[in-house]
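Here is the structure we will look at.
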Amino acid sequence: MDELDVGLKISVTGQLRDEALAACARQLKAWDVAMPPVEPLVLDFGLGEFYRTGLIEYWVANELEAGYCGKFLFLFDGQTCPLHHHRTKLETFYIQRGTVHMQYASREWDMRPGDVLRVETNHPHTFRGVGPALILEVSKPCVIADNFFADSRIPIGGNYRP
Numbered sequence: 021m022d023e024l025d026v027g028l029k030i031s032v033t034g035q036l037r038d039e040a041l042a043a044c045a046r047q048l049k050a051w052d053v054a055m056p057p058v059e060p061l062v063l064d065f066g067l068g069e070f071y072r073t074g075l076i077e078y079w080v081a082n083e084l085e086a087g088y089c090g091k092f093l094f095l096f097d098g099q100t101c102p103l104h105h106h107r108t109k110l111e112t113f114y115i116q117r118g119t120v121h122m123q124y125a126s127r128e129w130d131m132r133p134g135d136v137l138r139v140e141t142n143h144p145h146t147f148r149g150v151g152p153a154l155i156l157e158v159s160k161p162c163v164i165a166d167n168f169f170a171d172s173r174i175p176i177g178g179n180y181r182p
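Take the sequence shown: its letters are residues 21 to 182, numbered as in our numbering.
Printed below as a string of structure tokens:
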């Protein structure tokens, strides 16, 4: 099973998914931004509080053998990606639209369109939309098990033990 299929198995489903994708589509249209023709991941990290802790991911590519990944991360206002780190994945974030409040390397600051951040392996990071926001992530391949979340309630990733 590829990583996108793993991600889709832990995605939000039903009416919440439909409503979130419709609201995201309206915002993307207002920004005049097109997403790739892929099945988006609507993630709440298993916490059941999507608009507080969650995001929508559009995977452009996740090439395990070639060694790269590209995806768009969409955040609603106030929505947070929880504190986590990766042991093998190196990431670079490019803020495409909106403002993102970033916490990384013992710093906190707001990133705006055009800002770039390289996130080193084993460095915890978290980010939140200040208003709706869109991030382009370019990284090593995405492997779900290489996400190590600080919140032990999150039922996915390398530190999860069923």
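From the three backbone atoms N, C-alpha and C, an ideal C-beta is built for every residue, glycine too.
Query raised in the report: Is it true that the CB of tyrosine 78 sits closer than 8 angstroms to the CB of phenylalanine 65?
Result: no
Report task. Give me whichever residues DSSP pairs with serine 159 in a beta bridge. Result -> DSSP lists Cys89 and Glu111 as partners of serine 159.
Query - Three-state class that DSSP yields for glutamine 47 in the structure shown - result: helix
Query raised in the report: Name the DSSP beta bridge partners of glutamine 123, please?
Result: Glu128 and Thr146
Query raised in the report: Which same chain residues, not among the five before or five after asparagine 167, have their C-beta less than 6 angstroms away from its C-beta?
Result: His104 and Gly177
Query raised in the report: Which term fits asparagine 142, buried or exposed, when burial requires 16 or more other beta carbons within 10 angstroms of its beta carbon?
Result: exposed
Query raised in the report: Out of Ser159, Lys160, Pro161 and Arg132, which has the shortest C-alpha to C-alpha gap to phenylalanine 147?
Result: If we check each option's Cα against that of phenylalanine 147, Arg132 comes out closest.
Query raised in the report: Is the stretch 125-139 close to the stretch 83-101, with three or more CB pairs under 8 angstroms?
Result: no
Report task. Using the DSSP secondary-structure output, state which residues sit across from glutamate 83 in a beta bridge. Result -> Tyr88
Query raised in the report: Under the rule that 16 or more other beta-carbon atoms within 10 Å means buried, what is glutamine 99, buried or exposed?
Result: It counts as buried.
Query - Cβ-based burial, arginine 11 [other Cβ within 10 Å; buried from 16] - result: Nothing in the structure corresponds to residue 11, since the chain is present only between 21 and 182.
Report task. Could you please give the first and the last residue of the uninterrupted alpha helix (DSSP H) stretch that includes leucine 24? Result -> 23-29
Query raised in the report: Per DSSP, what kind of secondary structure is leucine 67 in: helix, strand or coil?
Result: Of the three classes helix, strand and coil, the one that applies to leucine 67 here is coil, per DSSP.
Query raised in the report: Roughly how many whole angstroms lie between the Cα atoms of alanine 125 and leucine 137?
Result: 11 angstroms
Report task. Look at leucine 75 and leucine 28 and say whether their C-beta atoms are less than 8 angstroms apart. Result -> In this structure, leucine 75 lies away from leucine 28, with their beta-carbon atoms at least 8 angstroms apart.
Query raised in the report: Does DSSP put arginine 37 in a helix, in a strand, or in coil?
Result: helix
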